[in-house]
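*Asks:* Sharing a structure below in structure tokens format, with a few things to ask.
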Amino acid sequence: MAVREGEVLLVIDVQNDFCPGGRLAVPKGDEVIPVINRMARGFRHVVLTQDWHPDGHSSFASTHPGHDAFSTIAMPYGQQTLWPDHCTWESAGAAFHPGLDIPQAALVIRKGFRPEIDSYSAFFENDRKTPTGLLGYLPERQLTRIVCVGLAFDYCVRYSAEDAAQHGFDTIVVEEACRAIDLNGTAAQTKAAFRDKGIKLT
Ligand code: VGL
Ligand code: ZN
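Residue numbers (the UniProt record's numbering): 1 to 202.
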């Protein structure tokens, strides 16, 4: 694969907890790893994201007695899905999957570390305002085209791609390098949203 100037591979949340055996396992999540490793050989610029929550994070169902995982709760910033505990600081589940092999990755963006806000997007937390810093980094590195891969297609990949497109990046999502959680049709909703927003799905 030829290296394209200005192009970055954004590898989203390929962490143990999102793979089979993990605490918030995405079905067949580990299948993306060889695909992403192969793709990454064609990229000079790679950014990884890492979901990174303190114990007792507000997105965990266990923090809200009487509320079940995968239900929804009102937060000051809007509706929030509650998840099983996952990707807690320094846990084995928060580590990148050991099969991920991208030595040239230059930046790791951690997200979701504020106890009171969840974060799906690599750019903004779920209040849609608090920045991660990636929106400053990419233009400073003259990166204008973003190829998104990873987990989960219908949450962190979706929100990252939507924010990228909204901020003027040429945005591509590679479907075979993603897997979805698919809660009540969220995978199909994600594809429809990508069509509406000019995000290329290949
Ligand atoms: C994710 C749910 C909660 C993701 C992260 O990486 O898609 N989903 N935290
Ligand atoms: Zn999370």
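By construction, the Cβ of each residue, glycine as well, lies at the ideal position given by its N, Cα and C atoms. Model, not experiment: these values are computed from the prediction.
In chain order, which continuous runs of the beta strand (DSSP E) of length 3 or greater are located wholly inside the stretch 37 to 103?
*Replies:* 45 to 51, 72 to 75 and 78 to 81, all fully within the stretch 37 to 103.
*Asks:* Which runs of the alpha helix (DSSP H), 4 residues or longer, sit entirely within the stretch 142 to 199?
*Replies:* Taking only runs of at least 4 residues, the alpha helix (DSSP H) segments lying wholly in the stretch 142 to 199 are 158 to 166 and 186 to 196.
*Asks:* Taking the alpha carbon of Gly21 as the reference point, which residue from Gln80, Leu107 and Cys87 has its own alpha carbon closest?
*Replies:* As a working note, residue 21 is residue 21 in the sequence shown. When each option's Cα is compared against that of Gly21, the closest is Cys87.
*Asks:* Per DSSP, Leu9 is paired with what?
*Replies:* Looking up residue 9 in the sequence shown gives position 9. Per DSSP, Val46 and Val147.
*Asks:* Can Cys156 be considered in contact with the ligand VGL, in the sense that its beta carbon sits closer than 7 angstroms to one or more heavy atoms?
*Replies:* The residue given as residue 156 occupies position 156 in the sequence shown. Yes, the ligand VGL has a heavy atom inside 7 angstroms of this Cβ.
*Asks:* By alpha-carbon positions, which one of Arg145, Ile33 and Leu82 ends up nearest to Ala164?
*Replies:* Numbered from its first residue, the sequence shown carries residue 164 at position 164. Nearest of Arg145, Ile33 and Leu82 to Ala164, Cα basis: Arg145.
*Asks:* Could you compute how far the alpha carbon of Gln189 sits from the alpha carbon of His167?
*Replies:* Position 189 of the sequence shown, counted from the start, is the residue given in the question as residue 189. Position 167 of the sequence shown, counted from the start, is the residue given in the question as residue 167. Straight-line Cα distance between these residues: approximately 21 angstroms.
*Asks:* Report the residue from Glu90, Tyr159 and Phe60 whose alpha carbon sits nearest the alpha carbon of Pro115.
*Replies:* Translated into the one-based positions of the sequence shown, residue 115 becomes position 115. Checking every option, the nearest Cα to that of Pro115 belongs to Phe60.
*Asks:* Please look up how many angstroms separate the CB atoms of Gly112 and His53, rounded, as I've assumed it's under 8 angstroms.
*Replies:* Looking up residue 112 in the sequence shown gives position 112. Looking up residue 53 in the sequence shown gives position 53. That belief holds up - the Cβ atoms of Gly112 and His53 are roughly 5 angstroms apart, short of 8 angstroms.
*Asks:* Measuring CA to CA, which of Leu143, Leu183 and Ile199 is closest to Arg4?
*Replies:* Working through the sequence shown from its first residue, we reach residue 4 at position 4. Here the closest residue by C-alpha is Leu143.
*Asks:* With 16 as the cutoff for other CB atoms within 10 Å, does Gly93 come out buried or exposed?
*Replies:* Mapped onto the sequence shown, residue 93 falls at position 93. Answer is buried; the Cβ neighbour count reaches 16.
*Asks:* At the level of alpha carbons, what is the spacing between Gly42 and Ile102?
*Replies:* Numbered from its first residue, the sequence shown carries residue 42 at position 42. Numbered from its first residue, the sequence shown carries residue 102 at position 102. The straight-line gap from Cα to Cα measures roughly 11 angstroms.
*Asks:* For Leu151 and Ile73, what's the separation of their Cα atoms in angstroms?
*Replies:* As a position in the sequence shown, residue 151 is number 151, starting the count at 1. As a position in the sequence shown, residue 73 is number 73, starting the count at 1. Cα to Cα, the separation comes out at about 23 angstroms.
*Asks:* Specify, as a first and last residue, the run of the beta strand (DSSP E) that Leu107 falls within.
*Replies:* For the purposes of this step, residue 107 is taken as residue 107 along the sequence shown, with counting starting at 1. Leu107 -> beta strand (DSSP E) spans Leu107 to Lys111.
*Asks:* From Pro34, Val35, Ile33 and Phe18, pick the residue whose C-alpha is nearest to that of Pro27; which is it?
*Replies:* For the purposes of this step, residue 27 is taken as the residue at position 27 of the sequence shown. Of the listed residues, the one whose Cα sits closest to Pro27 is Phe18.
*Asks:* Going by beta-carbon coordinates alone, are Ser58 and Met75 separated by less than 8 angstroms?
*Replies:* Within the sequence shown, numbered from 1, the residue matching residue 58 stands at position 58. Within the sequence shown, numbered from 1, the residue matching residue 75 stands at position 75. Yes, these two residues count as a Cβ contact at 8 angstroms.
*Asks:* Going by DSSP in three states, Phe124 sits in which element: helix, strand or coil?
*Replies:* In the sequence shown, counting from the first residue as 1, residue 124 sits at position 124. Strand.
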